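Letter by letter, the sequence shown follows residues 1 to 471 of my numbering.
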Amino acid sequence: MLSQRGDPIIALATPPGRSAVGVVRISGKALSVYARRLTGCHLKPRYAHLVQIKDQQQRPIDQVLAMYFPAPHSYTGEDVLELQGHGGPLVLQMLVRQCLLLAQHSGDQGLSLLPHLRLARPGEFTERAYLNHKLDLAQAEAVADLIDANTEAAVRSAGRSLEGVFSRHVQAIKQGLVLLRMQIEACLDFPEADIDVIEHMQVKAQLQTLQTQTRELLAHAEQGRLLRDGLKLVIAGQPNAGKSSLLNAFAGAEVAIVTAVAGTTRDVLTQSIQIQGVPLHVFDTAGLRDKAEADEVEQIGMARAWDQIGNADIVLLLNDLSRQHDPAYAQAQQKLLHQIQQNLAQQTNLLIVHNKIDAVEHDEPIDNGISISAKTGQGLDDLKEKILKCAGWHAGLNEGIFTARIRHLDALRAVQSHIEQAFQCTENKNMPLDVMAEECRLAQNQLSALTGNFTADDLLGEIFNRFCIGK
1 MLSQRGDPII ALATPPGRSA VGVVRISGKA LSVYARRLTG CHLKPRYAHL
51 VQIKDQQQRP IDQVLAMYFP APHSYTGEDV LELQGHGGPL VLQMLVRQCL
101 LLAQHSGDQG LSLLPHLRLA RPGEFTERAY LNHKLDLAQA EAVADLIDAN
151 TEAAVRSAGR SLEGVFSRHV QAIKQGLVLL RMQIEACLDF PEADIDVIEH
201 MQVKAQLQTL QTQTRELLAH AEQGRLLRDG LKLVIAGQPN AGKSSLLNAF
251 AGAEVAIVTA VAGTTRDVLT QSIQIQGVPL HVFDTAGLRD KAEADEVEQI
301 GMARAWDQIG NADIVLLLND LSRQHDPAYA QAQQKLLHQI QQNLAQQTNL
351 LIVHNKIDAV EHDEPIDNGI SISAKTGQGL DDLKEKILKC AGWHAGLNEG
401 IFTARIRHLD ALRAVQSHIE QAFQCTENKN MPLDVMAEEC RLAQNQLSAL
451 TGNFTADDLL GEIFNRFCIG K
């Protein structure tokens, strides 16, 4: 549920904990009188003023830098007051409390200085920036993505979205659809007019252009989604296949204990790395074998391993080349492969990785898969390239990528489908023209939802509630 949009709001705009500087932010309408009473001076817009904030008994709380941004030239589009004080948690709490108390005090006309001032909800400052047309919805989401980015490539892509790169591509396709709808609906409203755009291939050509633009935008958005969310990579295999060694090789550090004892890894270990700027969340799991051979603790570890396999983006099934001539091991490996294939989600990729290539003769034939040595690092670069390829990452598209979310991909795929249906109408002369017009309208609505021109309030609440408080 969206917050009460007319209330003035206050929150810490810096993370909790000790720091050199902490920022208290207030946003609302007509803050000038309140700001003057709080700081004791007239604040020149967009200038820093060194002032002392005092409590109700006129005892000093902190010396702060106060900056006043009158509407509409502020982040939220409302009046904004920012207090930059010392970053002690207690000091900042006292500043916030004093701001709330002063808001209820009577002003010159006996009314409260800032009635209804309250603590901001998560994302409420950015929500107001969106509602006051300072940002569209895709740009507002990019604010959160920029804060949460954990690779340099993700930072750059979120920055491009915040600048409006994604929104401009969406707007270009939408404008093309609007123009197309005008032509189609002219034929519907004035059938006697000499506007036979269908027969002269004008509509078909425009639809083909829109198909190309949407396909290219979706390809870039899929890359942006990878940079934002990363990949969940699960390493699976029999005991002592080298799973923990591979995790250590990926991480470049000894993050997992490696021994020759079967069942050393009893629980799921995780490590986040990046490949070409793409975040990779690697899960090292317990060795998988017959339950009858495992003790109670190991069985719990195996159950957790199967849970991770079931919701992975990519599963690496390790095969121990040093045991490839052991019939019992080979039989268990085939059984494990079959079990994993049955447990994979539809969108999950499975890669067969032959480990310990350093322990076999070079002329020995090896079945399909990638051969590596987690111990020496041989083949590791090829494995990383294969992982990115399975994920759909194209290095040539990474320049100009903007951040994207699952909802963006879903909307663009819907646009693609509606445009395709409209194109099919041009191939079928018996198809009513109003069907084509409706498909174009539905495509336009999906594009409008991307930037927030046509978006339900419950979706806005879901988006902004995932922001951090103070942003």
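Cβ coordinates follow ideal geometry from the N, Cα and C atoms, glycine included.
All of these numbers come straight from a predicted model, not from anything done at the bench.
In the three-state scheme derived from DSSP, where H, G and I count as helix and E and B as strand, Ile-314 is classed as strand. From the listed residues His-49, Ala-253, Gln-58, Asp-410, the smallest Cα separation to Arg-215 is found for Asp-410. Excluding five sequence positions before and after Thr-39, the CB atoms of its chain that fall closer than 6 Å to its own CB belong to Val-51, Ala-66, given in chain order. The straight-line gap separating the alpha-carbon atoms of Asp-358 and Thr-376 is approximately 8 Å. Per DSSP, Lys-232 is one residue of the beta strand (DSSP E) stretching across 231-237. In this structure the stretch 202-209 does not lie against the stretch 274-289, because fewer than three pairs of beta carbons, one per stretch, are closer than 8 Å. A direct Cα-Cα distance of roughly 33 Å separates Phe-402 from Gly-369. Exposure of Val-178 is indicated by the presence of fewer than 16 other C-beta atoms within 10 angstroms of its C-beta.
Each residue's CA atom was taken as its position, placing Arg-160 and Ile-300 some 45 Å apart.
In chain order, His-354, Ile-357, Gly-379 place their CB closer than 7 Å to the CB of Ser-371, counting only its own chain and leaving out the 5 sequence neighbours on each side. By a beta-carbon distance limit of 8 Å, Glu-141 contacts Ile-463. Their separation comes to about 6 Å. Look at Ser-19 here: in three-state DSSP terms it is strand. Taking the Cα positions, Gln-206 is about 17 Å away from Asp-434.
For the options Leu-316, Asp-229, Lys-44, the alpha carbon positioned closest to that of Phe-69 is the one of Lys-44. In its chain, beyond the 5 residues on either side, Gln-84, Gly-87 have a beta carbon closer than 6 Å to the beta carbon of Val-21. In this structure, DSSP gives Pro-89 a helical state, which the three-state scheme calls helix. In terms of Cβ geometry, Ala-138 and Leu-227 do not form a close pair [threshold 8 Å].
With fewer than 16 other Cβ atoms from the protein chains shown falling within 10 Å of its own Cβ, Ser-272 counts as exposed.
In the assembly as shown, Arg-18 is an exposed residue. Its beta-carbon has fewer than 16 other beta-carbons within 10 Å.
The C-alpha of Arg-289 lies about 25 Å from the C-alpha of Glu-254.
Assignment of Ser-74 by DSSP, reduced to helix, strand and coil, places it in the coil class. With contacts defined as CB atoms closer than 8 Å, His-281 and Leu-247 fail to qualify as a contacting pair. DSSP places Asn-349 within a strand segment (E or B) once states are collapsed to three. Distance from Leu-31 to Leu-100 at the Cβ level is roughly 14 Å; contact not present, criterion being Cβ atoms closer than 8 Å. Counted as a single uninterrupted DSSP element, the beta strand (DSSP E) harbouring Ile-273 occupies residues 269-275. By the CB criterion at 8 Å, Ala-103 and Leu-119 fall outside the cutoff.
Pro-279 and Pro-72 have their alpha carbons spaced roughly 38 Å apart. Using a Cβ distance threshold of 8 Å, Ala-236 and Ala-305 count as a contacting pair.
Contact between Arg-5 and Leu-131 holds, with the beta-carbon distance rounding to 6 Å and staying under 8 Å. Here the C-alpha atom of Ile-26 lies approximately 58 Å from the C-alpha atom of Leu-336. Ser-245 places its beta carbon less than 8 Å from that of Ala-374. Beyond the five residues adjoining it in sequence on each side, His-408 comes within less than 7 Å, by CB distance, of Ala-221, Leu-450 in the same chain, given in chain order. In the three-state reduction of the DSSP assignment, Ser-322 falls in the helix class.
Closest in alpha carbon position to Gln-347, among Gln-333, Ala-414, Asp-313, Thr-212, is Asp-313.
Look at Phe-125 here: in three-state DSSP terms it is helix.
DSSP, read as helix, strand or coil, puts Ser-112 in strand.
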